[in-house]
Each structure stands twice: as C-alpha cells, then as structure tokens.
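The working numbering numbers the first residue of the sequence shown as 30 and each following residue consecutively.
Every residue gets a Cβ at the ideal spot worked out from N, C-alpha and C, and that includes glycine.
Below: the structure, in structure tokens.
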Amino acid sequence: MTEYIHTASSLNCWLTCPQKYYYKYEQGYKTSETIPAFLIGTAVHVGLEAFWKGEPLEGALIATARYMLDEPYFKRDGWIEGLRIQAYIGGYYHRWLKDRDLYEVVGAELEFLEKGRAGKLDVLVRRKSDGKLVIIEHKTASKFAKADDPSSAYWSKLSMDTQVCFYHRNIEDMYGEEPEVIYDVIIKTKSTPLKGSARKRKAETDAEFAQRKYDSAETPSEYGARVRRVYREEGAERYIRREVHVTKEDVDRKLEELEYVIKDIETAPRTFSTFRVRNTTACNSFGGTCEFLGVCTGLELLDDPKFKKKEKLHSELTVKEAQ
Numbered sequence: 030m031t032e033y034i035h036t037a038s039s040l041n042c043w044l045t046c047p048q049k050y051y052y053k054y055e056q057g058y059k060t061s062e063t064i065p066a067f068l069i070g071t072a073v074h075v076g077l078e079a080f081w082k083g084e085p086l087e088g089a090l091i092a093t094a095r096y097m098l099d100e101p102y103f104k105r106d107g108w109i110e111g112l113r114i115q116a117y118i119g120g121y122y123h124r125w126l127k128d129r130d131l132y133e134v135v136g137a138e139l140e141f142l143e144k145g146r147a148g149k150l151d152v153l154v155r156r157k158s159d160g161k162l163v164i165i166e167h168k169t170a171s172k173f174a175k176a177d178d179p180s181s182a183y184w185s186k187l188s189m190d191t192q193v194c195f196y197h198r199n200i201e202d203m204y205g206e207e208p209e210v211i212y213d214v215i216i217k218t219k220s221t222p223l224k225g226s227a228r229k230r231k232a233e234t235d236a237e238f239a240q241r242k243y244d245s246a247e248t249p250s251e252y253g254a255r256v257r258r259v260y261r262e263e264g265a266e267r268y269i270r271r272e273v274h275v276t277k278e279d280v281d282r283k284l285e286e287l288e289y290v291i292k293d294i295e296t297a298p299r300t301f302s303t304f305r306v307r308n309t310t311a312c313n314s315f316g317g318t319c320e321f322l323g324v325c326t327g328l329e330l331l332d333d334p335k336f337k338k339k340e341k342l343h344s345e346l347t348v349k350e351a352q
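This is the structure we're talking about:
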C-alpha cells in the first residue's frame, strides 16, 4: 500500500490541476529547464535563513553568493537578479536587524512530519515580550500583487490559505498552543541598469554615437549600488510584516476541506490507473506556462530530455520517503 506524504505544496498542486499532480507527485517528474522564480526565491530564503540563525550581513551575503555561484542561471541571464537579491538581503538586515532580538528562534527551516502531513516552516520563533509562538513566513511579491496594501486580496484571502492553515494546525498539535502567523514580505523590483542618455552629435557617425551611449550607460557595479541604496532608504515601503488574522474556525474549515482533497488523492489510483482531470484554466498563470502543457497536449513525452525524474517527490523535505 502506498504511503502518502502530503504537503501544502502538493495539496495546492492537486487543487490547481490533478493531472499536474499526477506528473509531479505520482510519476515523480519535473522539468529539467531553469525556473528563474524558483531559483530567485531559494536564493532569498538562503539569506533570510542566515539572518534568523544570527549571522551578520556579511555571512548572509556569502551564503547567498555561494548558492548563486552553483546555479548557471545567475552567471548568464540572471546576473541582474543576482544584484537585486543582494539588495533585498542587505535592505532586510537594515530594516529588521534591530527587531531580531525581540524573538527567541525555535527553528529556521523547521520541518514537521505527523500522520502523513509534512512541511517546512521558514521560521518558528517565540516572542520574548509575551511568550507567544509565532510562525514567520518569508514571501517575495511583485508590486502588482499589492502586498503593500493591507486592504488588498493578497492579505484578505490568507485566512483560507492552504499553507497558512496547514502550518497553523500542525504547529498547534506539536506544541500544544495556538501560534500566531506573520507574513514577512519583500517587494521585488523590476528595475534594470539605466541606459545611456547621450544625444547624437552632428559630426559623429552612428558607430561613434552607439559607443558613446554605451560608455555612458550604468555599469553593473553602479546599478547594484543604486538598488542597494533604494532598498536601504525605502525599507518601510519595500519590507512588509503583517499578522495573518486566522481563527480556529478558519483553520477547522480549511483542514476539513483538505481532508476531502486528501481522500481524492489517495483514492484516485484505485479509481483510475492514469486518468486525472486536466484543469485548462491553470495552463497559464502569472508565473508562466505549466511545464507539462506539452505532455497534456501530446506534443511532448515525459521521457523527453526536457523532463527528469526527481530524486524525491517532496524535494523541499529531508525526511525519508517510502519507496
């Protein structure tokens, strides 16, 4: 009998598209292509993990740089993102270092596994002023998400968010007390190095003008310094921490919904061999096109070089999975 491990990510995947879940968590495939959003998010998490483990800024930047050096993306197309990430980490320290001593860190990148439910919290802390247990979840968001607007849907929908409720209940079960949940958001930038603003002179050739314009453009070093300065000086606008207001009733309702999801997942292989519902509304999203679109439409096969088998179904966890 198959032993299932359910995480917030895998449950959300099923809710997004059961066919995608089948490819990722039953067949164990993933794309071999670079997913920039994943690499960027991981790099930021490396730096923030160092923060909560008490490392100085230099240590966090070194840890982040080591991660990025191992990823070819940051050496090629993602060099601008690498400079932005350094700015995010530096600005985070400038914004929040003075508040770090307000908490006792219970664990950073803290895993749990109980009755087939598993997860990894970014940070679990205990607030020194009142002894309250607090889950802190790191997020990066574009300006478009409106995370800087407390009245936006970004915040209001979190009372029924799978990850929030899933983590809340599991930590409550583990520690015997109801935790608080704080979203710790970094607003990302889409800025790029400034192009040269020179105007063509009457006496110069097109080649001479192009060279002079190139010479007057912002260098990578200048761009990096500018973005770091922005994230230091605009900390209140770029770094948002807010409590997620979630009640026991919210968590109970969501966990009841997830029990139905889990039942569907665990009974699907006995009901159908390989058949899963394809949710065509999820083929495209703000994050891009689903990596398995070509497989669903018959243009690609899972044994194409584009895909490879995952070593673990839940790669974010260190727990051993049943074979």
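Return yes when the C-beta of H35 is under 7 Å from any heavy atom of the ligand PLP, and no when it is not. Of ligands this structure carries none, so the ligand PLP is not represented either.
Endpoints, alpha helix (DSSP H) assigned at T71: Here residue 71 refers to the residue found at position 42 of the sequence shown. If you look at T71, you'll find it in the alpha helix (DSSP H) that goes P65 to W81.
Where do the N-terminal and C-terminal ends of the beta strand (DSSP E) with I211 fall, by residue? For the purposes of this step, residue 211 is taken as residue 182 along the sequence shown, with counting starting at 1. Here the beta strand (DSSP E) through I211 covers E209 to I216.
Between the alpha carbons of L40 and V290, how many angstroms are there, rounded? The residue given as residue 40 occupies position 11 in the sequence shown. The residue given as residue 290 occupies position 261 in the sequence shown. L40 and V290 have their alpha carbons spaced roughly 7 Å apart.
Please classify H35 as buried or exposed, where buried requires at least 16 neighbouring CB atoms within 10 angstroms. One-based indexing of the sequence shown puts residue 35 at position 6. Flag for H35 reads buried.
State the DSSP-derived secondary structure class of E272, mapped to helix, strand or coil. Within the sequence shown, numbered from 1, the residue matching residue 272 stands at position 243. In this structure, DSSP gives E272 an extended state, which the three-state scheme calls strand.
Whole angstroms are fine: how far does the CA of N199 sit from the CA of E143? The residue labelled residue 143 in the question sits at position 114 within the sequence shown. The residue labelled residue 199 in the question sits at position 170 within the sequence shown. If you take the alpha carbons of E143 and N199, they lie about 8 Å apart.
To which residues does DSSP link A170 through a beta bridge? In the sequence shown, the residue the question calls residue 170 occupies position 141. By DSSP's assignment, A170 forms a beta bridge with I216.
Based on DSSP bridge pairs, tell me the residues matched to K26. Because the chain in this structure spans residues 30 to 352, residue 26 falls outside the shown range and cannot be described.
Could you work out which residue in Y212, Y117 and A297 is closest to K186 when comparing CA atoms only? As a working note, residue 186 is residue 157 in the sequence shown. Closest option to K186, Cα to Cα, is Y212.
Any idea what DSSP makes of V256, helix, strand or coil? Here residue 256 corresponds to residue number 227 of the sequence shown, with the count starting at 1. In the structure shown, V256 adopts helical secondary structure according to DSSP, grouped into three states.
Need the endpoints of the alpha helix (DSSP H) that F195 sits in, please. By one-based count along the sequence shown, residue 195 stands at place 166. Per DSSP, F195 is one residue of the alpha helix (DSSP H) stretching across T191 to Y204.
Short of 6 Å in beta carbon distance, which residues of its chain neighbour G136, apart from the five on each side in sequence? Order them along the chain. Here residue 136 refers to the residue found at position 107 of the sequence shown. For G136, where only same-chain residues beyond five positions count, the Cβ hits under 6 Å are L153.
Once you ignore the five residues that flank Y117 on each side, which residues in its own chain have a CB closer than 7 Å to its CB? As a first step, residue 117 must be located in the sequence shown, where it is residue number 88. V73, I215 and Y260.
Should F67 go down as buried or exposed, given a rule of 16 or more other Cβ atoms within 10 Å for buried? Here residue 67 corresponds to residue number 38 of the sequence shown, with the count starting at 1. Exposed, by the Cβ-count rule.
Does the separation of the CB atoms of D279 and M203 fall below 8 Å? Numbered from its first residue, the sequence shown carries residue 279 at position 250. Numbered from its first residue, the sequence shown carries residue 203 at position 174. No, they are not a contact pair.
Return the chain-ordered list of same chain residues with a C-beta closer than 8 Å to the C-beta of E62, the five sequence neighbours on each side being excluded. The residue you call residue 62 lines up with position 33 of the sequence shown. Around E62: E320 and K335.
4 or more residues per run - each alpha helix (DSSP H) lying fully within the region 115-185: The qualifying runs are 182-185.
Tell me the rounded alpha-carbon separation between E133 and L330. In the sequence shown, the residue the question calls residue 133 occupies position 104. In the sequence shown, the residue the question calls residue 330 occupies position 301. Between E133 and L330, the C-alpha separation is close to 49 Å.
With three or more beta-carbon pairs closer than 8 Å as the criterion, would you say the region 102-117 touches the region 307-318? Contact between the region 102-117 and the region 307-318 is absent, with fewer than three C-beta pairs closer than 8 Å.
Does the beta-carbon distance from E295 to Y33 come in below 8 Å? The sequence position of residue 295 within the sequence shown is 266, counting from 1. The sequence position of residue 33 within the sequence shown is 4, counting from 1. In this structure, the beta-carbon distance from E295 to Y33 falls below 8 Å.
Could you check which residue in R146, L86 and R113 has the C-alpha nearest to that of W125? Counting from one through the sequence shown, the residue named residue 125 turns up at place 96. For the residues R146, L86 and R113, the minimum Cα distance to W125 belongs to L86.
Going by beta carbon distance, what residues of the same chain come within less than 6 Å of C46, once the five residues before and after it are set aside? Walking along the sequence shown from the start, residue 46 turns up at place 17. The beta carbon of C46 lies closer than 6 Å to those of N308 and A311 in the same chain, with the five residues before and after it left out.
Alpha carbon of W43 to alpha carbon of E251, nearest angstrom: Along the sequence shown, read from residue 1 onward, the residue named residue 43 stands at position 14. Along the sequence shown, read from residue 1 onward, the residue named residue 251 stands at position 222. Looking at the two C-alpha atoms, the distance is approximately 45 Å.
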